[in-house]
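For reference, the structure is listed below as structure tokens.
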Amino acid sequence: MNQWMPFLAEQVGGRNPMRLPAWLAKPLIGEFGVALMTSVRGSSNAKAKRELGWTPSYATWREGFRTGIG
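The numbering of the sequence shown is my numbering, which starts it at 16 and goes up by one.
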């Protein structure tokens, strides 16, 4: 989240997202929400590529944000 959210905000002309310490965010979004924002790792598309012959439309998420938003 800390990598793609500021980039997405920039692409749509928004301000950088506000950062909150986990202890302050927990009462607002719960323990699961804090975990989702801080420790959940990205997923791999390797299996879809390997088993289905799938290829992504964009080489990177940055390229997808740039192209897909415009």
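No residue lacks a Cβ here, since even glycine has one placed at the ideal position from N, Cα and C.
All values reported here derive from a predicted model rather than from experimental measurement.
Would you be able to state if there are at least three C-beta pairs under 8 Å between the stretch 60-75 and the stretch 22-30? no
6 Å CB neighbourhood of Gly79 in its chain, flanking five on each side removed: Tyr73
Consider the C-beta atom of Ala24 and the heavy atoms of the ligand FMN; say whether any pair is separated by less than 7 Å. Among the components modelled here there is no ligand, and therefore nothing to report on the ligand FMN.
Let me check understanding here. Comparing Cα to Cα, which of Val27, Gln18, Asn17, Met16 lies closest to Thr82? Val27
Between the Cα of Ile84 and the Cα atoms of Gly29, Glu46, Trp69, Met16, which residue gives the shortest distance? Gly29
For Thr53 and chain C, any beta-carbon pair shorter than 8 Å? Looking at the structure shown, chain C is missing, and only one protein chain is on hand.
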